[in-house]
Amino acid sequence: MKLAQVETFAVQVPRDRAAARGGAGSPAALQSGGARYALAATYGTVYARDIETLIVKITTADGAVGWGEAQAPVAPEVAQEIVHVLIAPLVLAREVSSPPAVRQMLYDAMRVRGHTGGFYIDAVSAVDIALWDLEAKAAGLPLRRLFGGPDHESLPVYVSGLTGATQQEQLESVERHVECGASAVKIFMAQEPGDCLSLVSKIRQRSAVKVFVDALWRFDLQSALRFAEELEAYDVGWLEAPLEPEDVSGHKELARLSPIRIALGESYRTSFEIMPFLEAGAVQVLQPDIGRCGVTEGNRLAELASSFHVSMAPHISIGLGPQIAAAVHCAASWSNLEYVECNPQVYAVAERFQREDLGFSASRVSVSERPGLGIEMREEELVKYSRVKCARG
Numbered sequence: 006m007k008l009a010q011v012e013t014f015a016v017q018v019p020r021d022r023a024a025a026r027g028g029a030g031s032p033a034a035l036q037s038g039g040a041r042y043a044l045a046a047t048y049g050t051v052y053a054r055d056i057e058t059l060i061v062k063i064t065t066a067d068g069a070v071g072w073g074e075a076q077a078p079v080a081p082e083v084a085q086e087i088v089h090v091l092i093a094p095l096v097l098a099r100e101v102s103s104p105p106a107v108r109q110m111l112y113d114a115m116r117v118r119g120h121t122g123g124f125y126i127d128a129v130s131a132v133d134i135a136l137w138d139l140e141a142k143a144a145g146l147p148l149r150r151l152f153g154g155p156d157h158e159s160l161p162v163y164v165s166g167l168t169g170a171t172q173q174e175q176l177e178s179v180e181r182h183v184e185c186g187a188s189a190v191k192i193f194m195a196q197e198p199g200d201c202l203s204l205v206s207k208i209r210q211r212s213a214v215k216v217f218v219d220a221l222w223r224f225d226l227q228s229a230l231r232f233a234e235e236l237e238a239y240d241v242g243w244l245e246a247p248l249e250p251e252d253v254s255g256h257k258e259l260a261r262l263s264p265i266r267i268a269l270g271e272s273y274r275t276s277f278e279i280m281p282f283l284e285a286g287a288v289q290v291l292q293p294d295i296g297r298c299g300v301t302e303g304n305r306l307a308e309l310a311s312s313f314h315v316s317m318a319p320h321i322s323i324g325l326g327p328q329i330a331a332a333v334h335c336a337a338s339w340s341n342l343e344y345v346e347c348n349p350q351v352y353a354v355a356e357r358f359q360r361e362d363l364g365f366s367a368s369r370v371s372v373s374e375r376p377g378l379g380i381e382m383r384e385e386e387l388v389k390y391s392r393v394k395c396a397r398g
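Counted from 1, the sequence shown has number 243 at position 238 by the working numbering; the numbering is strictly sequential.
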């Protein structure tokens with residue numbers, strides 16, 4: 006396959022910030038100041054005020070188009086520059102034998118310089134997704150059918166985040182989701198642990214819906230263990246991102262002692278990063294983000310997780326469609342899949358930019374039968390909200 010052109014769209018889409026509060030990508034109130042980015046009010050992570058992402062469009066010499074996307078909710082222009090300065094010249098200069106071969110070439114090209122994660126791998130992953138889209142379209146098959154393994158037509162989802170600035174608003178949010186058929190929801194510990202426990206308790210008083218808790222990397226080992234022990238009383242399904250993401254030994258000890266399962270994975274982009282956690286028994290639910298690791302590495306992570314008897318629940322946060330569709334196709338081929346993450350507000354925005362809906366409900370997501378990712382972007386809409394760059398072979 007010969008590539009002719011690589012285009013990128015660094016996207017910034019305004020959203021209703023008050024309505025988005027509590028959902029994936031905007032779990033907490035932000036500090037005042039800063040027009041575009043700000044730190045969370047209660048912990049040290051930076052968030053964008055709008056929806057931001059990087060879309061990649063690759064066109065072959067015979068006119069076929071593949072779409073990809075990086076999980077780039079902050080400063081997508083950085084990954085965009087990496088694509089145009091470094092990646093596009095490398096991939097346009099040669100015949101493409103397969104997406105895994107290109108991904109390996111790009112990883113090897115910069116590994117000795119320490120670029121084994123972060124913005125570089127995000128950019129590589131966007132290109133990887135687009136190449137897989139092209140590969141499946143050339144075969145005339147939905148992407149998942151290129152992978153072997155299970156071939157699920159729909160997948161169970163959990164609703165990610167309860168929107169609302171107050172506990173009462175969040176309780177009303179979960180009630181609406183349950184009325185629409187949701188069987189599982191995740192809440193973010195954006196305030197104090199006691200506030201989170203109170204919300205979990207009140208949800209449990211009202212509903213038997215499955216509950217997961219995302220701690221946003223805010224605990225040390227001892228406080229995480231106490232929190233997990235308190236969550237056990239409410240039949241919480243997992244505690245996500247409890248400790249600093251670099252802490253392998255802490256997660257190992259927590260997973261050994263915790264009465265509920267430990268989930269993590271969105272912070273990591275490669276099997277090299279996640280293998281120490283698997284070998285240590287530090288994770289029971291793995292949550293890779295396909296927009297950060299790509300299709301090639303995402304499927305490799307699922308195979309590794311299966312060999313360690315770890316289940317999969319892919320992280321799907323801010324995105325416009327290609328990374329969401331890619332995650333769904335990957336998940337549909339995983340034998341150890343547990344859930345797919347779903348943020349209804351994000352998907353409503355994503356569907357404005359594509360010609361097909363994503364097939365999500367409060368309880369399940371359908372997997373497209375169309376070739377490739379099964380989506381085509383509304384390029385005219387993308388251009389309205391993007392900084393666009395193009396490289397030609």
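All C-beta atoms in this analysis are idealised placements derived from N, C-alpha and C, irrespective of residue type, glycine included.
Residue nearest to residue i in terms of C-alpha spacing, selected from the options
i: residue 79; options: 192, 263, 51; result: 51
i: residue 81; options: 124, 110, 252, 151; result: 124
i: residue 261; options: 275, 234, 308; result: 234
i: residue 131; options: 151, 305, 295; result: 295
i: residue 345; options: 356, 339, 320, 351; result: 320
i: residue 301; options: 104, 33, 15; result: 104
i: residue 263; options: 276, 248, 54; result: 248
i: residue 15; options: 284, 144, 55; result: 55
i: residue 266; options: 285, 286, 253, 244; result: 244
i: residue 212; options: 200, 187, 225, 198; result: 187
i: residue 27; options: 19, 350, 210; result: 350
i: residue 139; options: 22, 161, 197, 62; result: 62
i: residue 328; options: 73, 19, 174, 40; result: 73
i: residue 38; options: 352, 53, 278, 210; result: 53
Three-state secondary structure assigned by DSSP to residue i
i: residue 258; result: helix
i: residue 251; result: coil
i: residue 268; result: strand
i: residue 147; result: strand
i: residue 98; result: coil
i: residue 359; result: strand
i: residue 283; result: helix
i: residue 63; result: strand
i: residue 277; result: helix
i: residue 246; result: coil
i: residue 288; result: coil
i: residue 296; result: helix
i: residue 178; result: helix
i: residue 382; result: strand
i: residue 369; result: strand
i: residue 108; result: helix
i: residue 44; result: strand
i: residue 53; result: strand
i: residue 160; result: strand
i: residue 170; result: coil
8 Å contact criterion, which residue i and residue j should meet: CB distance rounded
i: residue 363; j: residue 324; result: About 10 Å separates the two Cβ atoms, so there is no contact after all.
i: residue 382; j: residue 358; result: 6 Å
i: residue 259; j: residue 238; result: That belief does not hold up - the Cβ atoms of residue 259 and residue 238 are roughly 18 Å apart, past 8 Å.
i: residue 171; j: residue 25; result: Contact flag wrong, Cβ pair sits at about 15 Å.
i: residue 223; j: residue 48; result: 5 Å
i: residue 305; j: residue 276; result: 5 Å
i: residue 257; j: residue 13; result: At roughly 39 Å, the Cβ-Cβ gap does not stay under 8 Å, so residue 257 and residue 13 are not in contact.
i: residue 396; j: residue 66; result: About 14 Å; that fails the 8 Å criterion.
Residues of its chain near residue i, where Cβ-Cβ distance is below 8 Å and the 5 sequence neighbours each way are ignored
i: residue 205; result: 192, 216, 218, 236, 239, 241
i: residue 405; result: Any question about residue 405 goes unanswered here, given that the chain covers just 6 to 398.
i: residue 399; result: Outside the modelled stretch of the chain, which goes from 6 to 398, sits residue 399, for which no answer is possible.
i: residue 143; result: 6, 69
i: residue 250; result: 222, 269, 272, 273
i: residue 280; result: 309
i: residue 361; result: 373, 375, 379, 380, 381
Beta-carbon contacts of residue i that lie in its chain and below 7 Å, excluding the five residues immediately before and after
i: residue 101; result: 6, 8, 107, 136
i: residue 157; result: 337, 372
i: residue 340; result: 154, 155, 311
i: residue 2; result: No answer is possible for residue 2: it lies beyond the span of the chain, which begins at 6 and ends at 398.
i: residue 115; result: 125
i: residue 314; result: none
i: residue 152; result: 304, 338
i: residue 146; result: 376
i: residue 87; result: 124, 125, 128
i: residue 354; result: 18, 20, 56
Close-in-space but distant-in-sequence residues of the same chain around residue i (CB under 6 Å, 5 per side omitted)
i: residue 185; result: 367
i: residue 334; result: 148, 149
i: residue 77; result: 58, 59, 84, 127
i: residue 112; result: none
i: residue 64; result: 9, 10, 70
i: residue 159; result: 369, 371
Residue-level contact to chain C via CB, residue i, 8 Å cutoff
i: residue 29; result: Among the chains in the structure shown there is no chain C, since it carries only a single protein chain.
Practice task
For the segment 182 to 239, list the alpha helix (DSSP H) runs that are entirely contained and at least 4 residues long, ordered along the chain.
Solution key: The DSSP assignment places complete alpha helix (DSSP H) segments of no fewer than 4 residues inside the segment 182 to 239 at 198 to 211, 226 to 237, in order along the chain.
Exercise for the section: Let me know the alpha helix (DSSP H) ranges lying completely inside the segment 8 to 38, each 4 residues or longer, listed in chain order. Expected result: 22 to 25, all fully within the segment 8 to 38.
Practice task
Can you check the segment 299 to 349 for any beta strand (DSSP E) of at least 3 residues that lies completely inside it and give the ranges in chain order?
Solution key: Here the runs fully enclosed are 345 to 347.
Exercise for the section: Taking only runs that begin and end inside the segment 65 to 93, name each unbroken beta strand (DSSP E) of 3 or more residues, in chain order. Expected result: Listed in chain order, they are 70 to 75.
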